[in-house]
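Data first, discussion second: the structure below is written as structure tokens.
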Amino acid sequence: MSELEADANYIRRQVLKMAASEAGCYTGGALSMAELLAVLYGGVLQPADHLILSKGHGVPAWYAVLALHELLPEAELASYMQRGSRLLGHPCAALLPEMGASTGSQQPATP
Numbered sequence: 001m002s003e004l005e006a007d008a009n010y011i012r013r014q015v016l017k018m019a020a021s022e023a024g025c026y027t028g029g030a031l032s033m034a035e036l037l038a039v040l041y042g043g044v045l046q047p048a049d050h051l052i053l054s055k056g057h058g059v060p061a062w063y064a065v066l067a068l069h070e071l072l073p074e075a076e077l078a079s080y081m082q083r084g085s086r087l088l089g090h091p092c093a094a095l096l097p098e099m100g101a102s103t104g105s106q107q108p109a110t111p
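This is the structure we're talking about:
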């Protein structure tokens, strides 16, 4: 198995864990991005590059790839969609600057 295949499998496993959480997620949108994100973060994107996710429901895959590349603590993935979490159902740049831009109408939950 190549490193890119292993990375895509990691992303898929993390997405399925988030999907199994109480909040769930849109698995199709997230799983369909695993290979693309593995390739982009596996060497195509440069440090100054920005990725804007227009398919906001795919954000669990993005969270997973950020954890894979240590841009987000892996343990934080377990907080997906929980009150007070930075990991919402749509990208929220106000909570996670790595997102670059917010999509969707979801707002952070107030404590």
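Under the numbering used here, the residues of the sequence shown are numbered 1 to 111, in order.
Glycine included, each C-beta is placed from N, C-alpha and C at the ideal position.
Since the structure is predicted, the reported quantities are computational estimates derived from the model, not experimental observations.
Whole-angstrom distance between residue j and residue i, CA atom to CA atom
| i | j | result |
| --- | --- | --- |
| LEU31 | ALA61 | 7 Å |
| PRO47 | GLY28 | 28 Å |
| THR103 | MET18 | 19 Å |
| ALA101 | LYS55 | 12 Å |
| HIS50 | ALA8 | 20 Å |
| LEU37 | GLY89 | 18 Å |
| ILE11 | SER2 | 14 Å |
| HIS57 | ALA6 | 23 Å |
Enclosing alpha helix (DSSP H) for residue i [first to last residue]
| i | result |
| --- | --- |
| THR27 | 27 to 31 |
| LEU37 | 34 to 39 |
| LYS55 | Note, LYS55: premise wrong, no alpha helix (DSSP H); not H, not E. |
CB of residue i within 8 Å of CB of residue j, strictly
| i | j | result |
| --- | --- | --- |
| TYR63 | LEU72 | yes |
| VAL39 | LEU4 | yes |
| GLU98 | LEU66 | yes |
Self-check item: the segment 9 to 24 / the segment 78 to 91 touching (three or more Cβ pairs under 8 Å)
Solution: yes
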